[in-house]
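Trainee:
There are 2 protein chains.
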Amino acid sequence: MPNMPSEVILDEMENLLNIASDFTRLKIMYAISEREKSVSDIVEEVGASQSLVSHQLKVLRKANLVSTRKEGTRVYYALADDHVIALLNVVYEHVTEE
Amino acid sequence: MPNMPSEVILDEMENLLNIASDFTRLKIMYAISEREKSVSDIVEEVGASQSLVSHQLKVLRKANLVSTRKEGTRVYYALADDHVIALLNVVYEHVTEE
DNA sequence: TGCATATATGAAAAACTATTCATATAATAA
DNA sequence: TTATTATATGAATAGTTTTTCATATATGCA
């Protein structure tokens, strides 16, 4: 049973949750959860417009949830660390296990 | 490394994350994380208006994240299950551990 | 250089949500 | 009944965010 975190921590928690709580971004995170993918691959897998995916990748980048690597004209995105997967898993379990 | 969930599951995940991703609701969830509390207790601990707390409790209720018990004029709220705490913990760790 | 492809971005539109204010309901006590 | 306390709620406001559209930038190739 956790204690009430400080306002600063709560703020950061709110921010992380906000970023995770979007349909398109959830799809993007799952799309790159096994291995890095290029933007066009992500666009295809997620089924959203190129512009939207690019905008949402920017949001994920700004929050340091993804890392990028440029190769020619392609940009490859990957999840920044395993915390993200842990979060996705907890949420997935809550939704499916009941 | 998880697979892409179905649209329905993603939708439910988005919904749960949306509900968790609010400063006031986070505070409320922490306030009742150790034991049930009455609305007025929550109002005091969270430091928000009675109206706002009541509105947000309704959101949490609708999502089945809290349970309620009425006793006289008081209504006591508690977390519905431990999944919620697991979620809070994962987010807390992500925010503090780096 | 000019052309094609990949990605990013600014601005506007559309949709949504938190918060406040005023008020309603419910229970209890005098 | 009237008054008081606890909680809930409808409506409006204020602020934010997602999505689209048009366009810009960057890279590679002919």
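Line by line, the protein sequences are chains A and B. The letter at position 58 of the first sequence is residue 58 when you use our numbering, and the numbering goes up by one with no holes. Take the position in the second sequence, starting the count at 1, then add 98; the result is the number in our numbering. Glycine included, C-beta positions come from ideal geometry on N, C-alpha and C. These figures come from a predicted structure and were not determined experimentally.
1) With 8 Å as the threshold, decide whether the Cβ of Ala-176 of chain B is near any Cβ in chain A.
2) Using a cut-off of 8 Å between C-beta atoms, extract the partners of Lys-125 of chain B located in chain A.
3) Considering just the uninterrupted stretch of the beta strand (DSSP E) at Ser-138 of chain B, what are its terminal residues?
4) Look up Val-91 of chain A in the DSSP assignment and give the residues it is bridged to.
5) In three-state terms, what does DSSP make of Ser-152 of chain B?
6) When you compare each of A:Ile-19, A:Val-91 and A:Phe-23 to Asp-120 of chain B by their alpha carbons, which one comes out closest?
7) Cutting at 8 Å between CB atoms, please list the residues of its own chain near Val-151 of chain B, excluding the five before and the five after it.
8) Given this structure, state the Cα-to-Cα distance separating Leu-115 of chain B from Val-91 of chain A, to the nearest angstrom.
9) Are the Cβ atoms of Asn-89 of chain A and Pro-103 of chain B separated by less than 8 Å?
10) If you measure from the beta carbon of Ile-42 of chain A to each beta carbon in chain B, is any gap under 8 Å?
11) May I ask which residues mark the beginning and end of the beta strand (DSSP E) holding Glu-71 of chain A?
12) Go ahead and pull the three-state DSSP assignment for Arg-172 of chain B.
13) Going by C-alpha distance, which of A:Tyr-77, A:Leu-10 and A:Thr-73 is nearest Ser-33 of chain A?
14) Please tell me whether Leu-16 of chain A has its Cβ less than 8 Å away from any Cβ of chain B.
15) Compare the C-beta of Ile-130 of chain B with all C-beta atoms of chain A and state if any pair is closer than 8 Å.
16) Would the beta-carbon of Tyr-30 of chain A be found less than 7 Å away from any heavy atom of the ligand GDP?
Mentor: On the basis of the data shown:
1) no
2) Met-4 and Leu-10
3) Unbroken run through Ser-138 of chain B is the alpha helix (DSSP H), 137 to 144; no beta strand (DSSP E).
4) According to DSSP, Val-91 of chain A bridges with nothing at all.
5) helix
6) A:Ile-19
7) Thr-122, Ile-126, Val-137, Ile-140, Val-141 and Val-144
8) 8 Å
9) no
10) no
11) 66 to 71
12) strand
13) A:Tyr-77
14) yes
15) no
16) This structure does not include the ligand GDP; it has no bound ligands of any sort.
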